[in-house]
Amino acid sequence: MAGRFTVLVVFAVLGFVGGIVAKMVYTPLSQWILQMWPNFGLDWILSGAAGTVLTLLIVVIWASFSPDK
């Protein structure tokens, strides 16, 4: 069980760090992105959030059903 918990914690930390990096990259580039792609909006953000939830769900299912060593 400790191995599964470790995997979940690692993915949570990676997701957190990835979110910080995404914010640091997106903030300075947001004006350029909006000029290049004026249709970039809430639907893109919701799609990213849905992808995040789907990936987390897959990892949780994998961790729950993987055999113990």
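First residue of the sequence shown? That's 272 in my numbering, and the numbers climb one at a time after it.
Glycine residues also receive a C-beta, built at the ideal position from the N, C-alpha and C atoms.
Are Leu279 and Ala334 close, meaning C-beta to C-beta below 8 angstroms? Using a Cβ distance threshold of 8 angstroms, Leu279 and Ala334 count as a contacting pair.
Below 8 angstroms between beta carbons: does that hold for Phe276 and Val330? Going by C-beta atoms, Phe276 is not nearer than 8 angstroms to Val330.
Give, in chain order, every unbroken run of the alpha helix (DSSP H) that is at least 4 residues long and sits entirely within the stretch 281–340. The qualifying runs are 313–336.
Mind reading off the beta-carbon distance from Leu317 to Phe311? Whole number of angstroms is fine, and I expect it under 8 angstroms. About 12 angstroms separates the Cβ atoms of Leu317 and Phe311, ruling out a contact at the 8 angstroms cut-off.
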